[in-house]
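Take the sequence shown: its position 153, counted from the start at 1, is 153 in full-length UniProt numbering, and no numbers get skipped.
Idealized CB from N, CA, C, for every residue including glycine.
Treat the numbers as computed from the prediction; the structure is a model and nothing was measured.
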Amino acid sequence: MNDGLQTDCFSHVLRFQATHSFGFHDEERPMTARFTLLKDVIVMDRHTGLMWQREASLDRLMWPEGFAYIEQLNRSGWGGFDDWRYPTQEELATLLMAEENPSTGLYIDPVFGDQRCVWSCTEVGHHKSVYADFYYGDFYVVEQKYANHFVRAVRGQRQ
Numbered sequence: 001m002n003d004g005l006q007t008d009c010f011s012h013v014l015r016f017q018a019t020h021s022f023g024f025h026d027e028e029r030p031m032t033a034r035f036t037l038l039k040d041v042i043v044m045d046r047h048t049g050l051m052w053q054r055e056a057s058l059d060r061l062m063w064p065e066g067f068a069y070i071e072q073l074n075r076s077g078w079g080g081f082d083d084w085r086y087p088t089q090e091e092l093a094t095l096l097m098a099e100e101n102p103s104t105g106l107y108i109d110p111v112f113g114d115q116r117c118v119w120s121c122t123e124v125g126h127h128k129s130v131y132a133d134f135y136y137g138d139f140y141v142v143e144q145k146y147a148n149h150f151v152r153a154v155r156g157q158r159q
């Protein structure tokens with residue numbers, strides 16, 4: 001893990017619990033067998049029908065920059081598709097595992113890349129957005145132009 005990520009994940013954040021926000025309970029969270037790797041770069045979630053980028057963006061981005069990143073994915077037809085988008089908070093919540101994966105130290109299936117903090121498209125208040133922190137297995141709110149996090153694009157029916 002890159003120790004430099006910790007500063008980005010905790011500066012001026014308001015923490016809130018995924019279990020309370022969405023009604024997810026440990027027994028309902030994802031298990032490894034539900035994910036299928038496609039083309040070595042896309043992960044298919046058989047429970048939700050969503051397709052995810054296996055690896056998030058190469059660089060950490062401010063929230064507004066994430067839209068340009070996704071637009072570029074669509075222009076290039078990344079993975080053979082042109083309908084990628086920012087995930088909602090609820091969609092990212094479906095990726096949270098009940099327990100930390102011992103091989104990665106993250107609360108996300110090891111089929112995914114090891115990016116710790118990932119933006120959602122969910123806005124909360126004025127110029128604030130929600131991101132998932134897979135190191136702590138929770139969600140946080142931060143100023144959109146203050147923090148840099150990764151973007152993991154998704155495609156499929158919005159949840």
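Identify which residue in the options has its Cα closest to the Cα of residue i.
i: V154; options: P64, H47, L92 and S76; result: L92
i: R158; options: E90, Y135, D114 and G105; result: E90
i: E123; options: D82, H47 and P87; result: P87
Which term fits residue i, buried or exposed, when burial requires 16 or more other beta carbons within 10 angstroms of its beta carbon?
i: D40; result: exposed
i: G125; result: exposed
i: E28; result: Its pLDDT being 42, under 50, E28 is placed unreliably in this model, and the value from its coordinates should be taken loosely. Exposed, because fewer than 16 other Cβ atoms sit within 10 Å of the Cβ of E28.
i: H25; result: Only weak support is given to the placement of H25: the predicted model assigns it a pLDDT of 41, under 50, and the value that follows is read from those uncertain coordinates. So H25 counts as exposed.
i: A56; result: buried
i: V141; result: buried
i: R46; result: exposed
i: A147; result: buried
Starting from residue i, follow its DSSP beta bridges and name the residues at the other end.
i: C117; result: D133
i: H149; result: L61
i: M51; result: M44 and R155
i: E123; result: S129
i: L38; result: I42
i: R85; result: V154
Within its chain, find whatever has a CB closer than 8 Å to the CB of residue i; leave out the 5 residues flanking it on each side and keep chain order.
i: G80; result: K39
i: V111; result: T32, F35, L37, V43 and R54
Within the same chain, show all residues whose beta-carbon is closer than 6 Å to that of residue i, passing over the 5 residues directly before and after it, in chain order.
i: C117; result: C9, Y131, D133 and H149
i: K145; result: M62
i: W84; result: I70, L73, N74, A153 and R155
What residues in its chain sit with their C-beta under 7 Å from that of residue i, if we drop five residues either side in the sequence?
i: G66; result: Y86, W119 and V151
i: T48; result: T94 and Q159
Taking 8 Å as the CB-CB limit, is residue i close to chain B?
i: Q53; result: As a matter of chain content, chain B is missing from the structure shown, which is built from one protein chain.
Given 8 Å, three or more beta-carbon pairs between the segment 97 to 104 and the segment 66 to 74 = no
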